[in-house]
DNA sequence: TATTGTTATACTCTATAACTATA
DNA sequence: TATAGTTATAGAGTATAACAATA
């Protein structure tokens, strides 16, 4: 299957073609399908925690550095402030974060994780890590390391 | 930047977080960003040919095996038949393909590449291959091979 | 009645523009 | 006047449902 769809959950990216007879597929195809498979594993691992990968990413950012406002968090995540509103609405409904007015500038919201939110981040991150370990378990240790090294080098 | 956006051209996939201080990023992050970078290179390489990666994928499928109908081609590409209609409208407007009624079953369309279409596929594929070569040129030959091998193993 | 291509429609995700409240 | 958060709206992309032609 040459996945072309952009938004389907199983196929949400552009693709360039592969020839199914050729045992050596284009790199873009390999990267895409590897990401797709791992993404499915991670999604399955996160589902019991009531999160998807993007929500976890938001939680991790909020759990990390002290962020003065929603907008700062949105900038860190590369999403629009209006999109951040929707994320926070969802996460607040789930009882994982709370919004409080900033002490000095009441236009701003300080977003904090609840105790449940912190527990969820911990558990969900562990689950995602485990999914990654499982995915990589098909490879020998040295090959695993080479894969990571090569990808890091490409992104340098 | 922890890219979370799903549809932005520079960031059209789900993500799980990375810690920017940690030199070892999660595999999902690495795969995603490698794909993103390569995708940009490929897009730039294809632009002079008036195509994006997905249109090239459609053309390659149409250029390959003899496909009896639009729907068969759509199935090969993992897209809906209604989406295929839109792709073919675009490609036909560009003069790269033609639709003809099937000789034996007049409900079906046989889709064929024009001479221009065939030339374009050849040139665009070469351009995409060159972009991939350029992207991989940062790696030594053995590391390149290890990357490819590891990804193939993961998708086995 | 079923199937192919097509069109109309609805849905999802996200950004832009407009509104409010603060500054 | 400018900025943070919010809401309303519009756009892109894709699927589902409905329709016409053919089998």
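Protein chains in written order, with my numbering: chain A, 989 to 1144; chain B, 989 to 1144. The beta carbon of each residue, even a glycine, is placed where N, CA and C say it ideally should be.
### Message
For residue 1050/B, report the span of its alpha helix (DSSP H) as first-last.
### Response
1041-1051
#### Entry: Cross-chain neighbours of residue 1023/B in chain A, by beta carbon under 8 angstroms
1001, 1016, 1019, 1020, 1023
#### Entry: Residue nearest to residue 1030/A in terms of C-alpha spacing, selected from 1015/A, 1123/A, 1052/A
The residue with the shortest Cα to Cα distance from residue 1030/A is 1123/A.
### Message
Would residue 1126/A and residue 1020/B qualify as a contact pair, given that the criterion is a beta-carbon distance under 7 angstroms?
### Response
Contact check for residue 1126/A against residue 1020/B fails: the beta carbons are separated by 7 angstroms or more.
### Message
To be precise: take each residue of the stretch 1042-1067 of chain A, compare its Cβ to all Cβ atoms of chain B, and keep it if any distance is under 8 angstroms. Which residues remain?
### Response
1042, 1044, 1045, 1046, 1048, 1049, 1052, 1064, 1065, 1066, 1067
### Query
Looking at the structure shown, is residue 1064/A part of a helix, part of a strand, or coil, going by DSSP?
helix
### Message
With a threshold of 6 angstroms on Cβ separation, who are the neighbours of residue 1128/B within its own chain once the five nearest residues in sequence on each side are excluded?
### Response
none
### Simplified DSSP state of residue 999/B, which is helix, strand or coil
Confidence in residue 999/B is poor, its pLDDT being 40 and thus under 50, which makes the residue's placement too unreliable to answer from.
### Message
Quick test of the definition: if touching needs 3 or more C-beta pairs under 8 angstroms, does the stretch 1102-1111 of chain A touch the stretch 1103-1113 of chain B?
### Response
Taking 8 angstroms as the limit for Cβ pairs, the verdict is that the stretch 1103-1113 of chain B does not touch the stretch 1102-1111 of chain A.
### Task
Could you list which residues in chain A have their beta carbon closer than 7 angstroms to that of residue 1122/B, in chain order?
Residues of chain A whose Cβ lies closer than 7 angstroms to the Cβ of residue 1122/B do not exist, since the nearest Cβ in that chain is about 11 angstroms away.
### Task
Sort out for me which residues DSSP pairs residue 1097/A with in a bridge.
1089/A
### Option nearest residue 1037/A by Cα separation, candidates 1082/A, 1018/A, 1070/A
1082/A
#### Entry: residue 1069/A versus residue 1114/A - alpha carbon distance
28 angstroms
### Message
Going by DSSP, what residue range makes up the alpha helix (DSSP H) through residue 975/A?
### Response
Examination of residue 975/A is not possible in this model, given that chain A is present from 989 through 1144 alone.
### Message
My output table needs one value for residue 1141/B: the three-state DSSP class, helix, strand or coil.
### Response
helix
### Task
Kindly say whether residue 1085/B, judged by its beta-carbon, lies nearer than 7 angstroms to any beta-carbon of chain A.
Under the Cβ criterion of 7 angstroms, residue 1085/B is not counted among the residues facing chain A.
### Message
I'd like to know whether the C-beta of residue 992/A is nearer than 7 angstroms to at least one C-beta of chain B.
### Response
Yes, residue 992/A counts as interfacial toward chain B.
### Message
Which same chain residues end up closer than 8 angstroms to residue 1048/A when comparing Cβ atoms and leaving out the 5 residues on each side of it in sequence?
### Response
Sequence-distant Cβ neighbours of residue 1048/A in its own chain, meaning closer than 8 angstroms and more than five residues away, are 1109, 1113.
#### Entry: alpha helix (DSSP H) segment containing residue 1030/A, residue limits
1015-1034
### Query
Does any CB atom of chain B fall closer than 7 angstroms to the CB of residue 1146/A?
Absent from the structure is residue 1146/A, since the part of chain A shown begins at 989 and ends at 1144.
### Task
Return the CA-CA distance between residue 1059/B and residue 1042/A, expressed in angstroms with no decimal places.
34 angstroms
### Query
Would residue 1133/A count as contacting chain B if we go by Cβ distances under 7 angstroms?
No - not a single Cβ of chain B is within 7 angstroms of the one on residue 1133/A.
### Task
Measuring alpha carbon to alpha carbon, tell me which of 993/B, 1017/B, 1045/B ends up nearest residue 1066/B.
1045/B
### Query
Is it buried or exposed for residue 1072/A, if we count other Cβ within 10 angstroms and need 16 for buried?
buried
### Query
Rounded to a whole number of angstroms, what is the C-alpha to C-alpha distance between residue 1141/A and residue 1095/A?
42 angstroms
### Task
Name, please, each residue of chain A whose Cβ falls closer than 7 angstroms to the Cβ of residue 1105/B.
Near residue 1105/B there are no residues of chain A at all, since even the closest Cβ is about 14 angstroms away, more than 7 angstroms.
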